[in-house]
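Count along the sequence shown from 1, add 2, and you get the number used in my numbering. Written out below as structure tokens is the structure these notes cover.
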Amino acid sequence: MELPNELWDIIKTFLFAKKFAAIETVKKHAALPYMFAMHDLKGVENNMNYIRIKNPWILDLLYVKQIENIIRETENCLRY
Numbered sequence: 003m004e005l006p007n008e009l010w011d012i013i014k015t016f017l018f019a020k021k022f023a024a025i026e027t028v029k030k031h032a033a034l035p036y037m038f039a040m041h042d043l044k045g046v047e048n049n050m051n052y053i054r055i056k057n058p059w060i061l062d063l064l065y066v067k068q069i070e071n072i073i074r075e076t077e078n079c080l081r082y
């Protein structure tokens, strides 16, 4: 049985919308120290602490390793 495209789009939006929002939020928070020259707030540990305190809902959607990888990838793009 194949689902109609409209129904499948609704299912994907429901399942993945919060996950995509979580990824974008992690990327934003990883980039902020580079934008504002806040050198003492860079790094995975500082970003993870901030996410645990201010955005704990992200930890419900993503694994810690996923969050750390997103932070590392974002910081690597911004260093150069």
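We put the CB at the ideal spot given by N, CA and C, even for glycine. These numbers were taken from a predicted model, which means no experiment stands behind them.
| Check | Outcome |
| --- | --- |
| Quick check: the stretch 66–78 against the stretch 44–54, are there 3 or more CB pairs under 8 Å? | yes |
| Identify the continuous alpha helix (DSSP H) that holds residue 29 and give its terminal residues. | 7–37 |
| Express the C-alpha separation of residue 64 and residue 38 in angstroms, rounding to a whole number. | 26 Å |
| In three-state DSSP terms, what is residue 40? | coil |
| Cα separation between residue 61 and residue 34? | 20 Å |
| For residue 9 and residue 19, what's the separation of their Cα atoms in angstroms? | 15 Å |
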